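Using the working numbering, the first residue of the sequence shown is number 1263, and each one after it goes up by one. Where is the CB? At the ideal position from N, CA and C, for every residue including glycine. Just so you know, these numbers come straight off a predicted model, no measurement behind them.
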Amino acid sequence: MKAITIHQPHATLAALGLKGFETRSWATKYRGPLAIHAGKQIDREACEREPIKSALAEYGYTADNLPTGAIIATAELSDCLKSIDTWTDGYELEGRRLVYSPEYEFGDFTPGRYAWELTDVQQLPDTIPAKGQQRIWNWDGRE
C-alpha cells in the first residue's frame, strides 16, 4: 500500500477525519488507497493554536499523547487540486472547490500549493509502528 508521512498534529487531524486535505508543495498523480503515517516530529506550537487545540482536545489528545512513528489510519487519495486564490473566508482550489475554516487552518493552502483530498478515512484501532519516509512510499503492512 502507498503511504505518506505527516507530522503531528496534522496526521491525527487527518486520521480523525477533521482534515480533508493534506497540503503539499508538490502535486501527485497517484490516486488510490493511502496509509497515513504519523511522523516522529510534533509541532507543539501548532498543538496550542486554535482551532487545532480544541479539535485535538475533543478527542482527548494533546501534544503529549499524539501517536508518532506509526501508521494511524488509511484513506483514499481521491484528488490533487492546486490552490489558486485566497479571500477573507478561505481558499479556492482548482475546479472552483472552496475551503473554509476550520479546514483551511489545518493546512497551508497558499496559492501555488497542492491540496491532496483524503476521503473514506479509517482510523486504525491500534497504531502500527513503521519508519516513515519522504514523498509517497510503499508500506508493506508490517512493522
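If the five residues before and after residue 1349 are omitted, its C-beta is found closer than 7 Å to no C-beta atom of its own chain. Distances from the CA of residue 1264 to each of 1291, 1305 and 1275 were compared; the closest alpha carbon is that of 1291. Annotation for residue 1345: the continuous beta strand (DSSP E) segment containing it runs 1332–1349. It is roughly 5 Å from the alpha-carbon of residue 1340 to the alpha-carbon of residue 1293.
Under the DSSP assignment, residue 1276 falls in the alpha helix (DSSP H) whose first and last residues are 1272–1277. With respect to the 7 Å criterion, residue 1300 and residue 1330 are classified as neighbours on the basis of their beta carbons.
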